[in-house]
Amino acid sequence: MTNIFRNLTAALGAVLLAAPFAGPVMADDHGDSHSDDAAPKWSIAIHGGAGTIRRDLMTAEQEAQYEAALQEALDAGAKVLAEGGTAMEAVQAAIIPMEDSPLFNAGRGAVFTWEGENELDASIMDGRDRSAGAVTGVTTVKNPILLADRVRTDSPHVFLMGEGAEQFASEQGFEVTDPEWFATQRRRESLERMKADALSAMDVDLKFGTVGAVALDMEGNLAAGTSTGGMTGKRWGRIGDAPVIGAGTYADNRSCAVSATGWGEFFIRVGVAQEICTRIRIASHPRYVECPEDAFGPDTVFVTCSVRGVSVEDAQGISDEVMAEVAELGGDGGIILVTPEGHALYSFNTAGMYRGRANSDGMNEVAIFGGEETGTGEPPDH
Ligand code: ASP
Numbered sequence: 116m117t118n119i120f121r122n123l124t125a126a127l128g129a130v131l132l133a134a135p136f137a138g139p140v141m142a143d144d145h146g147d148s149h150s151d152d153a154a155p156k157w158s159i160a161i162h163g164g165a166g167t168i169r170r171d172l173m174t175a176e177q178e179a180q181y182e183a184a185l186q187e188a189l190d191a192g193a194k195v196l197a198e199g200g201t202a203m204e205a206v207q208a209a210i211i212p213m214e215d216s217p218l219f220n221a222g223r224g225a226v227f228t229w230e231g232e233n234e235l236d237a238s239i240m241d242g243r244d245r246s247a248g249a250v251t252g253v254t255t256v257k258n259p260i261l262l263a264d265r266v267r268t269d270s271p272h273v274f275l276m277g278e279g280a281e282q283f284a285s286e287q288g289f290e291v292t293d294p295e296w297f298a299t300q301r302r303r304e305s306l307e308r309m310k311a312d313a314l315s316a317m318d319v320d321l322k323f324g325t326v327g328a329v330a331l332d333m334e335g336n337l338a339a340g341t342s343t344g345g346m347t348g349k350r351w352g353r354i355g356d357a358p359v360i361g362a363g364t365y366a367d368n369r370s371c372a373v374s375a376t377g378w379g380e381f382f383i384r385v386g387v388a389q390e391i392c393t394r395i396r397i398a399s400h401p402r403y404v405e406c407p408e409d410a411f412g413p414d415t416v417f418v419t420c421s422v423r424g425v426s427v428e429d430a431q432g433i434s435d436e437v438m439a440e441v442a443e444l445g446g447d448g449g450i451i452l453v454t455p456e457g458h459a460l461y462s463f464n465t466a467g468m469y470r471g472r473a474n475s476d477g478m479n480e481v482a483i484f485g486g487e488e489t490g491t492g493e494p495p496d497h
């Protein structure tokens, strides 16, 4: 009986149950996935950086500008998913407008290095096969997220830096963009102020402006991407977490997709993105529960189904725990996350985070300050 039971449950694999899990789109042991009518068919979350983002520090006009830019990015990603595009395509579609917007610290509007340049980092990961691409120290590629993806698809490597990355870009037909495209007066002034007043990057900026997106597509596949200029005044070839797979970006169909923003050194030390996904994967080992009566037709004798997944509360709890570890070490920032079940959530230990999320069930929100959102995702410390 035990063997029969095991065989049956193994054969069933990941069975779809709506009841205890808010959106059952589940990955089985092979990274394949299945979907269910009751689940959001697709889901996306974006961020444009976390930090000391408080209403009293912003004008109403600035707030409206950020909201519009976030909505544009969210809409671009959601459109891809709603039309049946892949999570990988959606992540890139959402990140490109934020790279092109001078409001965020990615692409145009990136912060300046100590030497007065804009050095760009980006990474992307596909949850289907955990293929990944990343670039760091790029100065002439307009949309570094596209180059990161090309590293994934057209090179035998995961991570390219500086001149080599640009040589690869030109061999791949990427246009050479004038570095002036990335430079904005606001960011130049931040560097000047930092030098004049001997301020840290944190003091001068008060916020991180990295951008990122995570998505679940209608095939049940996950993807994550992140793009940044790093931190103001970075030098000695400093690289933050954003282009580091496992720190700033991670996606695995078995667990989750994460993109981070914050004080990169701490996110690297904690391995934030992968740490969250690993904890979720372990927490979502198959559980055996009673099958719905009509699951397999009238002739079946099975009484047990296996289910994978975590509840939204568990996913939130795990994310908050890992972010609490970042805070304990002295770091701050936040993450966005999507699970195979379609839960999209945020966790941040800063006053605010530029963020948004949308899904096939009609969720569509952008938020800036702590605790604004309609659903879960309230930061642990506020
Ligand atoms: N995490 C980025 C870095 O450390 C900064 C950011 O999030 O804006 O380079």
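End of the sequence shown = 497 in this note's numbering, gap-free, step of one. Using N, Cα and C, we set each Cβ at its ideal position, and we do this for glycine too. Since the model is a prediction, treat every value here as computed from it, not as a measurement.
- About 15 Å separates the beta carbon of G471 from that of G485, a gap too long to meet the 8 Å contact definition.
- In this structure, G340 places its C-beta atom within 8 Å of the C-beta atom of I260.
- With respect to the 8 Å criterion, V387 and A362 are classified as neighbours on the basis of their beta carbons.
- As computed with DSSP, A482 is found in a beta bridge with R470.
- Counted as a single uninterrupted DSSP element, the stretch harbouring L314 is not any beta strand (DSSP E), since DSSP gives it neither H nor E.
- Annotated three-state conformation of M276 is strand, per DSSP.
- If you check the C-beta of G457 against the ligand ASP, you find no heavy atom less than 7 Å away.
- Residue side-chain check: F227 keeps its Cβ at 7 Å or more from all non-hydrogen atoms of the ligand ASP.
- Close CB contacts of W229 within its chain, under the 6 Å cut and outside five residues either way in sequence, are with G348, R350 (chain order).
- Look at G163 here: in three-state DSSP terms it is strand.
- With 16 or more other Cβ atoms inside 10 Å of its own Cβ, D435 counts as buried.
- For H272, the number of other beta carbons within 10 angstroms of its own is below 16, and it is reported as exposed.
- The Cβ-Cβ distance between E390 and G424 does not fall below 8 Å.
- With a cutoff of 8 Å on beta-carbon distance, F381 and A375 are scored as not near each other.
- Nearest Cα to A473 within the set T174, A179, L185: L185.
- Secondary structure of I260 (DSSP, three-state): helix.
- Taking one beta carbon from each stretch, the stretch 170–187 and the stretch 287–306 have fewer than 3 pairs nearer than 8 Å; the two do not touch.
- When secondary structure is reduced to three states using DSSP, G192 falls in the helix class.
- DSSP links T341 through a beta bridge to S238, G327.
- Scanning its chain for C-beta atoms nearer than 7 Å, with the 5 sequence neighbours on each side dropped, one finds around N233 the residues A225, F227, T254, P294, F297, A298, G344, in chain order.
- Less than 8 Å separates the beta-carbon of T465 from that of G449.
- For the ligand ASP, a non-hydrogen atom lies closer than 7 Å to the CB of G377.
- One thing to note: S238 has its Cβ within 8 Å of the Cβ of A249.
- Just measuring C-alpha positions, the residue of I360, A160, K322 sitting nearest L172 is K322.
- V453 sits close to A372, with the two beta carbons spaced by under 8 Å.
- A197 and R170 have their C-alpha atoms some 33 Å from each other.
- Assignment of T268 by DSSP, reduced to helix, strand and coil, places it in the helix class.
- Assignment of beta-bridge partners to T376 by DSSP yields G449.
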